[in-house]
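Reviewing the structure listed below.
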Amino acid sequence: MGRLVMKFGGTSVADLECIRNVALHVEREVKAGHEVAVVVSAMAGTTDTLIDLCRNAAPMHDAREYDAVIASGEQVTAGLLAIALQERGIPARSWQGWQVPVKTDGVHGAARISEIEAGEIRKRMEQGQVAVLTGFQGIGPDKRITTLGRGGSDTSAVALAAALEARCDIYTDVDGVYTCDPRIVPGARKIKRITYEEMLEMASLGAKVLQTRSVELAMVYKVPLQVRSTFEPPDSDDQNSSDRAGPGTIVCDEDETVEQQVVTGITYSKDEAKISIRRVKDQPGVSAALFGPLAEADISVDMIVQNVSADGETANITFTVATRDVERALEVLKPAKERIGYHELHSATGIAKVSVIGIGMRSHAGVAARMFKALADRGINIQAITTSEIKISVLIDAAYTELAVRVLHTAYGLDAT
Ligand code: ADP
Ligand code: ASP
Ligand code: MG
Numbered sequence: 002m003g004r005l006v007m008k009f010g011g012t013s014v015a016d017l018e019c020i021r022n023v024a025l026h027v028e029r030e031v032k033a034g035h036e037v038a039v040v041v042s043a044m045a046g047t048t049d050t051l052i053d054l055c056r057n058a059a060p061m062h063d064a065r066e067y068d069a070v071i072a073s074g075e076q077v078t079a080g081l082l083a084i085a086l087q088e089r090g091i092p093a094r095s096w097q098g099w100q101v102p103v104k105t106d107g108v109h110g111a112a113r114i115s116e117i118e119a120g121e122i123r124k125r126m127e128q129g130q131v132a133v134l135t136g137f138q139g140i141g142p143d144k145r146i147t148t149l150g151r152g153g154s155d156t157s158a159v160a161l162a163a164a165l166e167a168r169c170d171i172y173t174d175v176d177g178v179y180t181c182d183p184r185i186v187p188g189a190r191k192i193k194r195i196t197y198e199e200m201l202e203m204a205s206l207g208a209k210v211l212q213t214r215s216v217e218l219a220m221v222y223k224v225p226l227q228v229r230s231t232f233e234p235p236d237s238d239d240q241n242s243s244d245r246a247g248p249g250t251i252v253c254d255e256d257e258t259v260e261q262q263v264v265t266g267i268t269y270s271k272d273e274a275k276i277s278i279r280r281v282k283d284q285p286g287v288s289a290a291l292f293g294p295l296a297e298a299d300i301s302v303d304m305i306v307q308n309v310s311a312d313g314e315t316a317n318i319t320f321t322v323a324t325r326d327v328e329r330a331l332e333v334l335k336p337a338k339e340r341i342g343y344h345e346l347h348s349a350t351g352i353a354k355v356s357v358i359g360i361g362m363r364s365h366a367g368v369a370a371r372m373f374k375a376l377a378d379r380g381i382n383i384q385a386i387t388t389s390e391i392k393i394s395v396l397i398d399a400a401y402t403e404l405a406v407r408v409l410h411t412a413y414g415l416d417a418t
């Protein structure tokens with residue numbers, strides 16, 4: 002039956018009863034003849050609590066110690082799941098990131114996996130032992146514990162699947178990827194198959210069901226990926242589904258999907274802040290002087306809009322950054338006022354980015370116009386627009402986020418019938 006990596010998120014391992022339920026899912030796959038590795042997150046809420054503890058201990062804490070603390074939640078669930086599996090007579094052992102090792106770069110709090118030495122795990126899996134790996138953790142070049150950023154267990158799972166040449170099933174509290182976050186749009190529909198490219202856009206534009214980096218890795222290493230439910234009964238016929246489509250959402254190459262809608266999904270992100278500089282000289286080099294120092298400070302800029310001001314000689318430039326970066330961006334720009342040559346600097350939070358995504362856009366005209374009209378009909382003002390081949394994003398007042406998302410969901414014919 003081949004090798005399989007099963008990943009369970011925080012709500013899937015929230016308490017002992019949930020962990021026993023996870024053991025039943027694992028048992029089903031072992032009995033079906035798979036060699037299984039499991040990747041687990043910390044119990045729901047644990048990572049948040051650990052982050053708060055670090056912040057309260059010292060606002061400017063050592064990033065290496067922060068990682069040592071916040072990686073600990075996964076250690077508990079990996080051990081508990083190994084015990085629960087052993088209780089059911091299934092040979093299992095837990096693996097910490099450093100024990101494998103899962104090697105990463107040294108960027109504490111947002112490390113990237115460089116290599117997983119999975120030889121020993123593979124050997125034991127062949128002998129019938131289930132490997133239970135702590136998600137989210139790795140070991141840096143300085144031999145200190147690192148973490149992969151929020152939601153990073155998805156990435157641990159896909160990276161392990163790539164190293165083991167295995168399939169990867171992501172078990173979570175929804176039964177697949179939906180046309181929109183089902184918590185916001187009750188009429189959202191489950192997508193049967195979605196391309197890696199579309200999933201990558203959806204993840205990076207706000208659908209937190211998969212961490213963006215995990216989709217990138219799956220795309221590069223061609224890992225067969227499925228998102229499915231932890232809370233369907235583990236022994237139901239649906240979970241055993243021999244249906245080629247699988248019980249959840251399959252993330253796959255474009256040639257494996259059946260093209261249906263122009264727009265596949267809609268996402269939103271409230272994690273946006275807007276910075277405007279007014280009355281800068283409209284001459285070559287201004288944008289370089291503005292965005293160069295921001296790049297050097299490792300601040301990612303997203304949407305950029307430039308318009309000429311009334312006098313025809315100066316321009317206004319507006320751009321967005323993640324909310325967490327806005328203070329740092331202002332600190333970079335204030336001292337550079339003379340060099341950039343602007344008159345005023347403003348910043349604003351309380352804005353949101355709403356995006357529509359779909360590979361069908363490549364071959365259809367009028368997709369953007371439909372978006373703008375749907376928003377205009379509800380009196381929602383668009384502050385900025387960006388597009389790529391398969392997505393259109395607009396910036397709006399955050400107060401209208403839910404309304405905008407629902408209106409667009411209907412406008413593109415995505416509502417469940
Ligand atoms: P886990 O703890 O299992 O990693 P997450 O909370 O990280 O789970 O991700 C699952 C959640 O993602 C769902 O509960 C859902 O609210 C949210 N979500 C956002 N957008 C989507 C989407 N398009 N499809 C499915 N779930 C989505
Ligand atoms: N426990 C980590 C978090 O809450 C990693 C994960 O759940 O994927 O971000
Ligand atoms: Mg997650």
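Start counting the sequence shown at 2; every next residue gets the next number (the working numbering).
Note that the Cβ used here is the ideal one computed from N, Cα and C, for glycine as well.
Locate the beta strand (DSSP E) running through residue i, then write down its first and last residues.
i, result
"Val131", "131-135"
"Ile195", "194-196"
"Val39", "36-41"
Relative to the ligand ASP, is the shortest distance from any of its heavy atoms to the C-beta of residue i smaller than 7 Å?
i, result
"Asp155", "yes"
"Phe9", "no"
"Thr231", "no"
"Gly136", "yes"
Check residue i in the structure and name its three-state DSSP category.
i, result
"Leu382", "According to the sequence as given, residue 382 is Asn; it is not Leu. Looking at Asn382 - three-state DSSP - the assignment turns out to be coil, as it is neither helix nor strand."
"His347", "strand"
"Glu403", "helix"
"Ser237", "coil"
"Gln87", "helix"
"Asp326", "helix"
"Glu118", "coil"
"Ala353", "strand"
"Leu444", "Since the displayed the chain opens at 2 and closes at 418, residue 444 lies outside it and no answer follows."
"Phe9", "strand"
"Thr78", "helix"
"Arg279", "strand"
"Val264", "coil"
"Thr319", "strand"
"Ile251", "strand"
"Arg94", "strand"
"Gly139", "strand"
"Glu273", "strand"
"Arg363", "helix"
"Arg4", "strand"
"Lys209", "coil"
"Thr411", "helix"
"Ile20", "helix"
"Val108", "coil"
Mind checking whether the beta-carbon of residue i lies closer than 7 Å to any heavy atom of the ligand MG?
i, result
"Gly150", "no"
"Gly177", "no"
"Lys209", "yes"
Since residue i is in the alpha helix (DSSP H), which residue starts that stretch and which ends it?
i, result
"Gly293", "287-297"
"Thr47", "47-58"
"Ala64", "64-71"
"Ala215", "As written in the sequence, residue 215 is Ser, which differs from the Ala given in the question. First-last of the alpha helix (DSSP H) with Ser215: 213-222."
"Ile305", "Careful: Ile305 lies outside any alpha helix (DSSP H), inside the beta strand (DSSP E) at 302-309."
"Leu226", "Element bounds for Leu226: not the alpha helix (DSSP H) but the beta strand (DSSP E), 226-230."
"Lys144", "Element bounds for Lys144: n/a, residue is neither H nor E."
In chain order, what residues of the same chain have a beta carbon less than 8 Å from the beta carbon of residue i, not counting five sequence neighbours either side?
i, result
"His365", "Val263"
"Ser230", "Tyr172, Thr173, Asp174, Val175, Asp176, Gly177, Pro248, Gly249"
"Ile341", "Ile278, Val281, Val287, Ala290, Leu291, Leu334"
Residues in the same chain with beta-carbon distance under 7 Å from residue i, minus the five sequence neighbours each way, listed in chain order, please.
i, result
"Asp416", "Gly188, His410"
"Tyr222", "Ala163"
"Ala330", "Ile276, Leu295, Ile300, Val322"
"Met2", "Ala33, Gly34, His35"
"Cys19", "Ser13"
Going by the C-beta, is residue i closer than 7 Å to any heavy atom of the ligand ADP?
i, result
"Asp272", "no"
"Gly98", "no"
"Gly110", "no"
"Ser394", "no"
"Gly266", "yes"
"Cys181", "yes"
"Met44", "no"
"Arg407", "no"
"Ser13", "yes"
"Met200", "no"
"Thr48", "no"
"Asp174", "yes"
"Met203", "yes"
"Arg184", "yes"
Is any beta-carbon of chain C found at less than 8 Å from that of residue i?
i, result
"Arg123", "Included in the structure is just one protein chain, with no chain C present."
Which residues in the same chain as residue i place their Cβ atom closer than 6 Å to its Cβ, once the five residues preceding and following it in sequence are excluded?
i, result
"Gln307", "Ala316, Ile318"
"His26", "Pro235"
"Met7", "Val39, Asp170"
*Curious, which full-length alpha helix (DSSP H) runs of at least 4 residues does the segment 147-194 contain?*
154-165
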